[in-house]
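Okay, structure first, notes after.
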Amino acid sequence: MDVEELKILDHKKKVRIGLLMGVLCALYWGIWYAPGYAVWNMDILTELDVNLAIHDPNISYEMASTLECIFLTGFNAIFCAAVLFIWNGGLRKLPEFKRELVQVKGASKYFMMAGICGACAVSGTYLAANNCSPGFAAIAGLLYPIIGTIMSALYLKQKVSKRGYLAVVVLLVGGITLYAGSLITGGVAGAGNTTIGLIGGIMAAVGWGFEGVCAGKALDFCEPDIGLHLRFCFEAIFWIIVMVIIACTGIPIFSTVGKLLDPATFFAFLLLGLSFAWCYVTWYKSFPLLGVARGQAVGSLYAACAVIFLCVFFGPAAALNYDDDSMLIIVGSTILGLIICLIGSFLLASEDTEGMVSLREHKGGDER
Amino acid sequence: MMEGQPIKFRMLELFNEKDWWLQDIVPKLQEEYNLKGDYGRGMITYDIVELVSAGFLTEGETVIDEEGKFWQGHLLHHYTITGLGKEMYQTIVDRIS
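Residue numbers (the working numbering), protein chains in the order written: chain X, 43 to 410; chain H, 93 to 189.
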């Protein structure tokens, strides 16, 4: 085998690893919904709901659900940060963590921004799910690659091919089709305030889209594993400050925190941390290899994975929320959506990547 | 200036000074950052791949390591910093100084 053949193979291998990272990201993100769904029925959150009602009998549903979202998002970030300490310790990267943490202007400020965007996105998802419906939240979240793609081309100056744009559109159509059945039969209205739910949906799409761009900017000159770890540490610090401020006003937000010592609850939160941290590890690793637009597009397969894992762990009726009348529309749109998502992924996976040795155009006269 | 700083800052500094072959720069960084062994070699090589991907470096001449000087059977690239890489290095210098 000559050098040229080996170079082509080497490059194809790089893109293949990037795609594998994107698919693994979708799998971990999808499976995160299983403990994320189960934890709502555990004492740590059901008793928090009761305690909030005892503290203020007139508390509205929206207020109580927002406080529970803050609690859950905050502890999700804390567990992710803890899991990543073990991960980076095992990879012998903690000295690099220290080097990047102290370089605020040079590195960590971008991850601080990514952490705040991520905090906005995750809490927005919970707000949309609680106030509208989980299906609406998933669709709103799926819109993030549009923002990510536009910003990666305009701000990061990364190359996005026509086929890449087409794949993003196909994946979006697939994701929306997945949940179209639920929207047609039930609409977006849920138990809470629809306006808050819609704002939550916008927070999810804008938050994740901008997080990818902030991260992409810093990942140019930082280690992905460390960048991700810094991002979760900053998000955890942000939520701890928010929760302490809430607790100072007398609201019993920490009243059920002792329940974390219960093995089943601890295990559920550990699974949340593991799946979310791993999803982000693979997501961030895909960006330098595929670019932000393609990395986000492959990652958006999470919607399909979430449906599959929820069906496996909770049964199709509970996962898709259908009855005898709506079963045909919901199951039909879910299967159609899964097929469209697979076509979108195939478009990306089968793209000719010869011109993608670098994700950016080089300026003329670069060479020495 | 960048010794002891995040590893990619140091890489950009070294590439800004001169062109490097993969088999020359990796052992130097392994020594500086105490990343000995095959694992450290793979980690630093991956970081260089990311810098190429970001458009900061370009690959020039390439040979196959047939003698096993660095990584038998693998490609050894000669890297040159790009205009974008020089700009990024200058931006980092301005930010941290």
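Glycine is no exception: its CB is placed at the ideal position from the N, C-alpha and C atoms.
Bear in mind that the values here come from a model prediction, so they are computed numbers and not experimental data.
Among the options, nearest to residue i - alpha-carbon criterion
i	options	result
Gly160/H	His170/H, Gly152/H, Met135/H, Gln115/H	Gln115/H
Gly175/H	Val185/H, Val155/H, Thr150/H, Gln164/H	Thr150/H
Val144/X	Gly206/X, Cys264/X, Tyr207/X	Cys264/X
Ala182/X	Thr237/X, Gly242/X, Leu312/X	Gly242/X
Leu87/X	Met245/X, Phe117/X, Leu362/X, Lys204/X	Phe117/X
Ala306/X	Val92/X, Gly60/X, Val81/X	Val81/X
Trp74/X	Ala171/X, Trp129/X, Leu313/X, Glu138/X	Leu313/X
Leu220/X	Lys204/X, Tyr79/X, Leu316/X, Cys383/X	Cys383/X
Glu95/H	Phe107/H, Val118/H, Tyr125/H	Tyr125/H
Ile385/X	Leu66/X, Leu208/X, Leu185/X	Leu208/X
Ser342/X	Phe252/X, Lys135/X, Gly64/X	Gly64/X
Leu114/X	Val284/X, Glu46/X, Asn130/X	Val284/X
Gly131/X	Leu66/X, Ile59/X, Asn83/X, Ile268/X	Ile268/X
Val155/H	Ala146/H, Gly147/H, His166/H	His166/H
Ala195/X	Phe252/X, Lys147/X, Ile238/X, Val57/X	Phe252/X
Gly60/X	Ser145/H, Phe107/H, Leu127/H	Ser145/H
Ala123/X	Ile282/X, Glu47/X, Cys256/X	Ile282/X
Classification of residue i by the beta-carbon crowding that lies within 10 angstroms, buried from 16 upward
i	result
Asp85/X	exposed
Pro77/X	buried
Thr291/X	exposed
Lys140/X	exposed
Tyr103/X	exposed
Tyr131/H	exposed
Gly72/X	buried
Gly217/X	buried
Met43/X	exposed
Lys100/H	buried
Asp139/H	buried
Phe309/X	exposed
Leu185/X	buried
Test: residue i CB closer than 8 Å to a CB of chain X
i	result
Glu142/H	yes
Pro98/H	yes
Arg133/H	no
Leu106/H	no
Val155/H	yes
Leu114/H	no
Ile184/H	yes
Leu167/H	yes
Phe101/H	yes
Met180/H	yes
Coil, strand or helix - residue i by DSSP
i	result
Val155/H	strand
Trp74/X	helix
Thr291/X	coil
Tyr173/H	First, the residue type needs correcting, since residue 173/H is Ile and not Tyr in the sequence shown. The answer is strand: DSSP assigns Ile173/H an E or B state.
Thr298/X	coil
Leu185/X	coil
Trp113/H	strand
Leu143/X	helix
Leu133/X	coil
Glu47/X	helix
Gly168/H	Just to set this straight, residue 168/H is Leu in the shown sequence, not Gly. DSSP places Leu168/H in strand when its eight states are reduced to three.
Leu149/H	strand
Gly315/X	helix
Asp262/X	coil
Tyr364/X	coil
Ser342/X	coil
Same chain, Cβ closer than 7 Å to residue i, neighbours up to 5 away in sequence not counted
i	result
His97/X	Ile293, Pro294
Cys111/X	Ser165, Tyr168, Leu169, Asn172
Ile372/X	Gly223, Ser224, Thr227, Leu362, Tyr364
Asn235/X	Glu104, Asn173
Cβ neighbours of residue i in the same chain (closer than 6 Å, five flanking residues each side left out)
i	result
Gln338/X	Pro187, Gly190, Gly254
Arg102/H	Met94
Ser317/X	Tyr70, Ile73, Trp74
Ser375/X	Thr219, Ala222, Gly223
Asp111/H	Thr172
Ser368/X	Thr227
Proximity test, Cβ basis, 8 Å: residue i and chain H
i	result
Lys147/X	yes
Arg141/X	yes
Val57/X	no
Ile49/X	The amino acid occupying residue 49/X in the given sequence is Lys; Ile does not appear at that position. Closer than 8 Å to some Cβ of chain H, the Cβ of Lys49/X qualifies, so yes.
Val354/X	no
Glu138/X	yes
Pro294/X	no
Pro305/X	no
Pro330/X	yes
Cys264/X	yes
Val323/X	no
Val45/X	yes
Proximal residues of chain A, C-beta to C-beta of residue i below 8 Å
i	result
Ile188/H	As a matter of chain content, chain A is missing from the structure shown, whose protein chains are X and H.
Near the ligand GTP: residue i beta-carbon under 7 Å from a heavy atom
i	result
Glu138/X	Ligands are entirely absent from the displayed structure, and the ligand GTP is therefore not among its contents.
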